[in-house]
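A.B. asks:
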Ligand code: HEA
Ligand code: HEA
Ligand code: CUA
Ligand SMILES: [Cu+2]
């Protein structure tokens, strides 16, 4: 190989690395991040994008090069170079991806550990459909505790707030066990560790907040969990990410991250509203889940009242599981 | 892959022109049984998943199962594997009479097994939808029962054909071999089933 | 390296084209046991289903062109994408690749006169139309609406009739695949012509072997899951119904134990075809034959132990998620071996840009994108964010359309002359390629961003912030639909009136090109002879090639003389 081609190769390599690094940081593919663990996700995603961009450029680059350089010339009826293997090359292109994969696996494990370290993500099966609230018992259950093979797990301690989440065709319902409050919106205090204990009443749903980069299926007959710390004030969509029927796409909820004071105030208002007038406001969501969902939905998309009532009709007529 | 291979290959002569290709049916049956085995394996794994994750298994209130009758049934089915093996050996020695005798005996034993299972069904205190255990019990044994029935019909068909003079001989007895292999398979599945459903 | 470059084109085919009659046309409408007839029956039938599945996809994209559910409406939308995916997977890609190309090519490539069990082969094919009729019927009676994954409990309450039709249809299609797999394994292991060792086989046969092993092991488990689901649906048991003590997650495990390997059933044969097509049109031996052959087996093995990567958010225990993540990522290694070997095959070649090659190159390019998004999905923390979003939809279309469908088109352009004896029109082939390639990327590239930004899949109505990208995607989809037309017209016209192809229009070296196009009833004139390795491009001198052609010529004349009295 001549000196010139060596220089060109090195230059291409540097260019490739720079391009990948740049795109890995500037892809604009993710929404804002609003939870403690989300930046971990983002940095893992960016590194992965960097690698993927690099591999993409190498493969497409070589392909294009071959297409241009080794196209059949006019009047050339001959065959190409009858080379049919090169052990060294083969070893290299087996080993390099293996190393990349190993790195990516370990990095993923690391982030996974940090995000899910203490949470009992596996969930457990209820004997029956009924919601149980014996989380204390299973918190110590070692069968789901993940023993890290590579990196020490981060002990996240007890959550500051536990909320019970119920998914049903086509609405979310949130119960705050400390106060007994039931609401159709999820309000959370800023910078507090929250644990969601989730179950479904009919079919599978999934709780997803894109800005938190967190998702968990909500399954009838078992309880699943999510643990996180919201770090940005604001309003975020809760999206149902598991097909749950015709209106799966409009099963949206709202998540509000409040300052601790605003959170307290909201809770008090809700309780006040609920008690004197006999469960009128706060529990409205329980008796009429579709209306709560539809209201939330109305806010988001600006749906017309007639569409709204037809929606309600449909969801009302759906049979339940069993 | 080398050029030299080519000239070597040219030596391969005109020898096998239009000859019937050798009989691969036994190999085919074996492959098919791999698939059947995976079907049962899938069902067994589902059963294990249920039994291992449930707090109490079988679920509370499942009536005790009687072991005597299924035990006898198991012994009958297992011994029938030896009987059908005798049939295979008989035809390899060109003994068609022996073949008929042992096949008839196997068929009889299979029929007794099925009758026993039906008797057991009719005396169980739970039905298909009583609980998860009951459902798995009926589906697994029922599915296996269907396979026994298929094997039984297969054996009877071979028996029927063995009365045609010269149909089976020491050289040509694919039907006999296939029936035997299939029967052993059905037997093997039962052993696993019995352990899972009755003993564990 | 260069001393061979200036010899005339390879031509391992007899000069005088004497032919035995191929199958008459009406045999294609009967219960034929000829593997070539069955192969074409599969291809034509499944292409019809592709059009139906594509029409449904076009309806789906029409619905998604605007944020409101104003075209199909909520209920019909779910039925549309469920049937779209079911038809595409079970009635198009799987049967077209294994049943179609597998049947047509495997016996020819290994020098056999037919499959090991021709009757069984025909039975397997004839299970496909009833399976399709059931699904099509469901379109008019009651469409299954729980997605192609059909997770309970939703599938138990979204319409009994539609769901049961779906189950029966898949049980039929599954039985067909299992029977075909028995046939392929036996044929490949036992029916190779004398003197052909495993490592003399064309790589397509290795790929078919790996795919058939997967079919044989995994499909029955899906059948088991569907049988249990049927009991839940019709007999009131509760295997997957939590209100009766059952567990919906058990269904997911059983479903993905099949459906993950199924994606390799849908790509391994394509890998095989690409390994055939690239060397022919680049005029070079395949690079690293053994590595490609054994990586198929590695993918087959790894493919069986990664299924739970579809269930990272299903409440799967931690150790399982970690195990399945690592195992899934490992598949990048054998797949990378193939990709890099293909690139090395092109390197230093003399690439003819015929339509077959364009689709072949398009395959390599697009599949890698799908593979890389697959690696992102394999990482548990990343998948948790993008699971069940359009990112997954983007991934699956890059591997299934950019991979499998591009591969099938490449295969059709490459083997059409052999199958029909006529050439396809090159100009319209190129138009087809450009439209497909551009339309495909417009349609599916934006979906990556949609998913990452927060658009879930399987929704008829979505947040207006996603309207623009969805509109672009729909435009791409219509372009894709349009792109099928030049192909259809080209294929139908050329089949009837295209120019004659001759035995070996591409100067290829595998055995199917040494017989006439289309091949006679028992494939070869006299006994097939293995004149060269399958990929020995540039390795033989002109004299050797002439000698080969003379040998074939003699054989054919002998065989024809023998056949003369009977054929008249
Ligand atoms: C032909 C079909 C096909 C193929 C080949 C693949 C290939 C792969 N798939 Fe894909 N997949 C699907 C079809 C397919 N998939 C479908 C249909 C779904 C959705 C199902 C549904 O939910 O409806 C799905 C979903 C899916 C998921 C679940 C997503 C979710 O629901 O959350 C995951 C997760 O791990 C995944 C991973 C992979 C991986 C790692 C590969 C790998 O095999 C890819 C390997 C290839 C490469 C990596 C590129 C080439 C390699 C190199 C150039 C070497 C260098 C590379 C590196 C070092 C990274 N796929
Ligand atoms: C091999 C598999 C395959 C193929 C080829 C395709 C091809 C296409 N797919 Fe599909 N798709 C899947 C497999 C496939 N898909 C799967 C597995 C899912 C997941 C489903 C689920 O969630 O359950 C899915 C889901 C899916 C979605 C997501 C739905 C949702 O989640 O809400 C979308 C949306 O855009 C889509 C679009 C398309 C488009 C535009 C094409 C185009 O490429 C199609 C191009 C069109 C044609 C080639 C037809 C042209 C012909 C005509 C228009 C003429 C009509 C003729 C007659 C009627 C005879 N697909
Ligand atoms: Cu609830 Cu989708
Ligand atoms: Cu998969």
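Residue numbers (the numbering used here), protein chains in the order written: chain U, 1 to 322; chain E, 1001 to 1200; chain B, 2001 to 2568. Beta carbons: idealized from backbone N, C-alpha and C, even for Gly.
Looking at ligand 4, does it come within less than 7 Å of residue 2253 of chain B, judged from the CB to the closest heavy atom?
C.D. replies: no
A.B. asks: Going by other Cβ atoms of all chains shown within 10 Å of its Cβ, with 16 needed for buried, is residue 2494 of chain B buried or exposed?
C.D. replies: buried
A.B. asks: Under a CB-based cut-off of 8 Å, is residue 31 of chain U close to chain B?
C.D. replies: Interface residue, yes.
A.B. asks: Scan the region 182-210 of chain U for residues whose Cβ lies nearer than 8 Å to a Cβ of chain B and list them as they occur along the chain.
C.D. replies: 202, 203, 204, 206, 208 and 210
A.B. asks: At 4 residues or longer, and completely inside the region 2416-2490 of chain B: list those alpha helix (DSSP H) runs for me, N to C.
C.D. replies: 2426-2453
A.B. asks: Can you tell which of B:2286, B:2067, B:2334 and B:2253 has its C-alpha closest to the C-alpha of residue 2200 of chain B?
C.D. replies: B:2286
A.B. asks: Would a check of beta-carbon distances place residue 1032 of chain E closer than 8 Å to chain B?
C.D. replies: yes
A.B. asks: Comparing the C-beta of residue 94 of chain U with each C-beta of chain B, is any distance below 8 Å?
C.D. replies: yes
A.B. asks: Could you check where the beta strand (DSSP E) with residue 167 of chain U kicks off and where it finishes?
C.D. replies: 161-168
A.B. asks: Out of curiosity, what's the CA-to-CA distance linking residue 2474 of chain B and residue 2238 of chain B?
C.D. replies: 41 Å
A.B. asks: From the beta carbon of residue 1189 of chain E, is the nearest beta carbon of chain B less than 8 Å away?
C.D. replies: no
A.B. asks: With a threshold of 7 Å, establish whether the CB of residue 1085 of chain E neighbours any heavy atom of ligand 4.
C.D. replies: no
A.B. asks: If you draw a straight line from the C-alpha of residue 2395 of chain B to the C-alpha of residue 2365 of chain B, how long is it?
C.D. replies: 14 Å
A.B. asks: Can you give me the C-alpha to C-alpha distance between residue 2265 of chain B and residue 2214 of chain B, rounded to a whole angstrom?
C.D. replies: Near 7 Å, if we compare the C-alpha coordinates of residue 2214 of chain B and residue 2265 of chain B.
A.B. asks: Helix, strand or coil for residue 1199 of chain E, going by three-state DSSP, please let me know.
C.D. replies: helix
A.B. asks: Would you say the region 2084-2091 of chain B touches the region 2518-2538 of chain B, given that touching needs at least three Cβ pairs under 8 Å?
C.D. replies: no
A.B. asks: Hey, how far is the Cα of residue 2262 of chain B from the Cα of residue 2040 of chain B?
C.D. replies: 22 Å
A.B. asks: Could you tell me which residues DSSP puts in a beta bridge with residue 240 of chain U?
C.D. replies: U:207
A.B. asks: Within the 8 Å Cβ cut-off, does residue 1042 of chain E reach chain B?
C.D. replies: Under the Cβ criterion of 8 Å, residue 1042 of chain E is counted among the residues facing chain B.
A.B. asks: Return the CA-CA distance between residue 2066 of chain B and residue 2458 of chain B, expressed in angstroms with no decimal places.
C.D. replies: 15 Å
A.B. asks: Give the residues of chain E in contact with residue 2201 of chain B, contact being defined as C-beta atoms less than 7 Å apart.
C.D. replies: Going along chain E, no residue has its Cβ under 7 Å from residue 2201 of chain B, so there is no contact; the nearest lies around 11 Å.
A.B. asks: Is the beta carbon of residue 1139 of chain E less than 8 Å from the beta carbon of residue 2228 of chain B?
C.D. replies: Residue 2228 of chain B is positioned such that its CB atom lies closer than 8 Å to that of residue 1139 of chain E.
A.B. asks: State the Cα-Cα distance for the pair residue 1113 of chain E and residue 1120 of chain E, rounded to the nearest angstrom.
C.D. replies: Computed Cα separation, rounded: 10 Å.
A.B. asks: Is any heavy atom of ligand 1 found at a distance shorter than 7 Å from the C-beta of residue 1039 of chain E?
C.D. replies: no
A.B. asks: Starting from residue 112 of chain U, trace the alpha helix (DSSP H) both ways and give me its first and last residue.
C.D. replies: 87-116
A.B. asks: Which value, in whole angstroms, describes the spacing of the CA atoms of residue 116 of chain U and residue 2247 of chain B?
C.D. replies: 24 Å
A.B. asks: How do the region 2371-2381 of chain B and the region 2323-2335 of chain B stand: do at least 3 beta-carbon pairs fall below 8 Å, yes or no?
C.D. replies: They touch, by the three-pair rule.
A.B. asks: If residue 200 of chain U sits next to residue 167 of chain U, beta carbons under 8 Å apart, how far is it from one beta carbon to the other, in whole angstroms?
C.D. replies: With 8 Å as the limit, residue 200 of chain U and residue 167 of chain U qualify as a contact, their Cβ atoms being about 4 Å apart.
A.B. asks: Over what stretch of residues does the alpha helix (DSSP H) that includes residue 25 of chain U continue unbroken?
C.D. replies: 3-25
A.B. asks: Hey, quick one: how far does the alpha helix (DSSP H) through residue 2174 of chain B stretch, first residue to last?
C.D. replies: In this chain, the alpha helix (DSSP H) harbouring residue 2174 of chain B covers 2160-2190.
A.B. asks: Could you tell me whether the Cβ of residue 1049 of chain E comes closer than 8 Å to any Cβ of chain B?
C.D. replies: yes
A.B. asks: Does the distance from the CB of residue 2290 of chain B to the CB of residue 2349 of chain B come in under 8 Å?
C.D. replies: no
A.B. asks: Residue 18 of chain U to residue 44 of chain U, Cα distance in whole Å?
C.D. replies: 18 Å
A.B. asks: So with Cβ pairs under 8 Å, would you call residue 2001 of chain B a contact of chain U?
C.D. replies: Residue confidence is low: residue 2001 of chain B scores 35 on pLDDT, short of 50, so the model does not pin down where it sits. No coordinate-derived value is stated.
A.B. asks: Assign residue 247 of chain U to one of two classes, buried (16 or more other C-beta atoms within 10 Å of its C-beta) or exposed (fewer than that).
C.D. replies: Residue 247 of chain U comes out buried.
A.B. asks: Compute the beta-carbon to beta-carbon distance between residue 2390 of chain B and residue 2370 of chain B, rounded to the nearest angstrom, for a pair I have assumed lies under 8 Å.
C.D. replies: Residue 2390 of chain B to residue 2370 of chain B, Cβ: 14 Å. No contact.
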